[in-house]
Structure formats: C-alpha cells, structure tokens
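>
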Amino acid sequence: MRKKVIGVFWVLGIALLAFIIYKIGPKQIWEHINRITLSKFLILFGMRLVYFVLRAINWSFIMNLYEKRIPLFQLIIARIAGDGISYITPSAYLGGEPVRAMMIKSRDDRRSFASVVIDKTIEIVAMIFLTIVGISIAILHIALPQRYKLIFILFAAVILIFAFYLLLQQQRGLFSGILILFDRIKFRPRFIVKNREKILETDRHIIDFYAHHKKVFSLVFLLHSMVSLFWIFEIHLTLLFIEASGVHFVKSFLVATLGSMAILMPSTPASIGTYELTFVTLIVLVGIPAGAGITMTLLRRIVALLWAGIGLLLMLKKLGPGHGKKT
2 MRKKVIGVFW
12 VLGIALLAFI
22 IYKIGPKQIW
32 EHINRITLSK
42 FLILFGMRLV
52 YFVLRAINWS
62 FIMNLYEKRI
72 PLFQLIIARI
82 AGDGISYITP
92 SAYLGGEPVR
102 AMMIKSRDDR
112 RSFASVVIDK
122 TIEIVAMIFL
132 TIVGISIAIL
142 HIALPQRYKL
152 IFILFAAVIL
162 IFAFYLLLQQ
172 QRGLFSGILI
182 LFDRIKFRPR
192 FIVKNREKIL
202 ETDRHIIDFY
212 AHHKKVFSLV
222 FLLHSMVSLF
232 WIFEIHLTLL
242 FIEASGVHFV
252 KSFLVATLGS
262 MAILMPSTPA
272 SIGTYELTFV
282 TLIVLVGIPA
292 GAGITMTLLR
302 RIVALLWAGI
312 GLLLMLKKLG
322 PGHGKKT
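Quick note on numbering: my numbering labels position 323 of the sequence shown as 324, and the sequence is numbered without any gaps.
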C-alpha cells in the first residue's frame, strides 16, 4: 500500500512539473539552458561538494564531543549518502538523517543518532534565522503588495515560534514526550516497543548537549548560518549563469530562504513539482522572469540528482549485504 501511495505522489509530482514547463514554455527554458557551458555546470557541481564538506565539518564539532576518532572524510561520505536518501524521499528532506548516523563507525549508535538530531536541528534553526532576516529585507526594501507583507510577517512569526518550540522540547526531552503521547493514545509500533530504551538514551544525550555544551551550540549555529549563505550564493550564481534579468543578491537571498522553508514540508518524492512551483512563484514575486526561475530549479535538480546517485552508491557500498553494527 505504501509503495502505491508513493507511486501516486511520483505521478502527481511529475505531472505538476510537466504542467509548469508547459505553461512557461519549453522554448524559453531552452534559451536559458543554452547559456550554461560545461565549465559553468562543473562549477555548480563542485560547489555542491564544498557544501557537503562544510556541513560535515559543522557536524564534526558535535560528533567530536562523543567520539574524537571518527575521521572527517567518513563524516563527509555519510553526509553525502544521507542527503541522497533525503532527496528522493517524500519526508521533508529528513529521510536520510538516520542513514548518515548508520554510516559512521561509532561505538555507540545512540550518541551518533543524537549528534545527527542536534546537527539537523541547529541547521534548521539557522535557516529560520536567515529566513526572518530575508523577510525583514523584503518588507523594507522590495515593493510588495500589502497582503504579501502581512503573509510574510505571519510566516515569520510561525517559523520563529516553531524554532523556539523545537529547541525547548529537545532540552526537555523531545523523544520522551513523543513516547508519552504514544502511550496515552495506546499507539505502540513494534519498532518503538523494541527500541524504547535506545530512544530514551538518545534523548538523554540530546538533553545533555543543550545543558553542557552551549558554546558548541553557538559555534555550530554560526557555522550553519555561514553555510546557508554559501548555499544562497550558489542559487544566486546559477541565476547569473543563465543570465536572468533583474537579479541581485537580496532577491536571491529572499528566494532561497523562503523556498528552503517551503521544501522542508513533506510533499512529493524529491519534492518534484512542488520544488519548482515554490521557487518559480517566489522568483516571479521578486521580479525575475518565470523562465529563468524554472531553468534555475531544473539545473539545481540535475546537480542534486547526480549527487543523490553518488550518495546512494556510497550507502550501498557501506550498508550493503553483510553490514552489521554493534549496539
């Protein structure tokens, strides 16, 4: 049944993407794509590798609190593999997070999973911070209809509340709270029952991090904010490469930050269709032609798919037949 549902969402996503391309016009898209040379494409492909390396470095500051012997290269491989799974699953770009925890040779799986949860949380909070900055810039410096400004203010308030709630719950015990809720509604999946103590131990590691490693939290938050700026620059550079009209960094900043919040929501596998619709809508909103917007998303999708393929191969090599880990 689950496979059928995923299949339906694949079809819906592809249909939505095809409709967007049809409405904008394949000819207009092709004109923009023709402006991408091999050297420009390789630059974008290489920037994605730099992005993975920087995010792995951020993760290493957390992981090193638990195990200093894990090499950075192993964290980079795990990061690429995890992102590959996240990219092709309809799970708000979170589906690959357990995979990257499984990819590292840790003496304690609970600590490695805790490090992944903490790292992803800080990454999301950093992006929320930049999104609020982007919204503030848009309201003050971009001519937008009043209703859009009100929507942006409401959106900023919602994601800010979410960020504080997420951090507060992790300090109190996020997974413990979920288990208590499941007990109250008598929802007891076999996986939860079997791994209850492991889940609670993971929660204790997360609580300990927020209680005793505030400097590391601040450092990783700052680094993730800088990495997010690098990611925004990649989007900006893509728009420059396809010679989109009306582009400047503030517009790219707004499109990237608001778009990132939208694609965090569960949708179609690989966010196909919904990713394009979100970014094209934002692109048009800030005054950049829709043709440039869809071309930018398609180029980034090609780069992401290539890296997702590499990530899947790395995962299969590491976690293929014969894989086993002590717990």
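Quick reminder that beta carbons are idealized off the backbone N, C-alpha and C, glycines included.
Which residues in the same chain have their Cβ closer than 7 angstroms to the Cβ of Ser177, if we skip the five residues on either side of it in sequence?
Leu201, Asp204
> Where Ser137 and Phe130 are concerned, what is the direct C-alpha to C-alpha distance, given to the nearest angstrom?
11 angstroms
> Quick one: is Leu307 buried, meaning 16 or more other Cβ sit within 10 Å of its Cβ, or exposed?
exposed
> Is it right to say Glu98 is buried, meaning 16 or more other beta carbons lie within 10 angstroms of its own, or is it exposed?
The residue is buried, with at least 16 neighbouring Cβ atoms inside 10 Å.
> Please report the residue range of the alpha helix (DSSP H) in which Val51 lies.
39-64
> For Arg112 versus Tyr67, is the C-beta distance shorter than 7 angstroms?
yes
> What runs of the beta strand (DSSP E), each 3 residues or longer, lie entirely inside the region 180-256?
none
> For Asp84, is the classification buried or exposed, using 16 other Cβ atoms within 10 angstroms of its Cβ as the cut-off for buried?
buried
> Look at the alpha carbon of Thr328 and the alpha carbon of Met104, and state the distance between them as a whole number of angstroms.
With a pLDDT of 43 at Thr328, under the threshold of 50, the modelled position of this residue cannot be trusted; read the value that follows with caution. Between Thr328 and Met104, the C-alpha separation is close to 14 angstroms.
> Tell me where the alpha helix (DSSP H) around Asp120 begins and ends.
110-142
> Just to confirm, is the Cβ distance from Glu244 to Met48 under 7 angstroms?
no
> Where Leu1 and Leu45 are concerned, what is the direct C-alpha to C-alpha distance, given to the nearest angstrom?
Outside the modelled stretch of the chain, which goes from 2 to 328, sits residue 1, for which no answer is possible.
> Please classify Met128 as buried or exposed, where buried requires at least 16 neighbouring CB atoms within 10 angstroms.
buried
> How many Å lie between Val248 and Leu161 at the Cα?
28 angstroms
> Tell me the rounded alpha-carbon separation between Val251 and Glu277.
20 angstroms
> Sorted by chain position, which residues of the same chain lie with C-beta nearer than 6 angstroms to Leu224's C-beta, five sequence neighbours on each side aside?
Asn59
> Name the two residues that bound the continuous alpha helix (DSSP H) containing Val100.
98-104
> Report the residue from Arg185, His206, Asp184 whose alpha carbon sits nearest the alpha carbon of Gly174.
His206
> Report buried or exposed for Leu169, applying the criterion of at least 16 other Cβ atoms within 10 angstroms of its Cβ.
exposed
> So for Ser261, helix, strand or coil by DSSP?
If DSSP states are grouped into helix, strand and coil, Ser261 belongs with the helices.
> Just verifying my parser: in three-state terms, what is the DSSP assignment at Arg148?
helix
> What is the rounded straight-line gap between the Cα of Trp11 and the Cα of Ile311?
21 angstroms
> Inspect the beta-carbon positions of Thr42 and Ile81 and report whether they are closer than 7 angstroms.
Checking the sequence shown, residue 42 turns out to be Phe, not Thr. No, they are not a contact pair.
> When the distance is taken between beta carbons, is Ile25 closer than 7 angstroms to Ile260?
Note that residue 260 is Gly in the sequence shown, not Ile. Not a contact, by the Cβ cut-off of 7 angstroms.
> Between which residues of its own chain and Leu17 is the CB-CB distance below 8 angstroms, once the five residues before and five after are set aside?
Thr269, Ile273, Gly274, Thr275, Glu277, Leu278
> Please report the straight-line C-alpha distance between Leu320 and Ala102, rounded to a whole angstrom.
Each residue's Cα considered, the two are about 12 angstroms apart.
> Report the three-state DSSP secondary structure of Tyr67 (helix, strand or coil).
coil
> Alpha carbon to alpha carbon, how far is Thr132 from Arg108?
37 angstroms
> Where does Glu1 land, buried or exposed, given buried means 16+ other C-beta within 10 angstroms?
Here the chain has residues from 2 to 328 only, and residue 1 is not among them.
> Do Ile34 and Thr296 have their CB atoms nearer than 7 angstroms?
yes
> Nearest-angstrom Cα distance between Leu117 and Ile186?
In the sequence as displayed, the identity of residue 117 is Val instead of Leu. Approximately 28 angstroms, taken between the alpha carbons.
> Determine the DSSP secondary structure at Ile289, reduced to helix, strand or coil.
coil
> Could you compute how far the alpha carbon of Ala144 sits from the alpha carbon of Ile154?
15 angstroms
> If the criterion is Cβ atoms closer than 7 angstroms, does the pair Val228 and Ile123 meet it?
no
> Looking at the secondary structure, which residues open and close the alpha helix (DSSP H) in which Gly83 lies?
73-89
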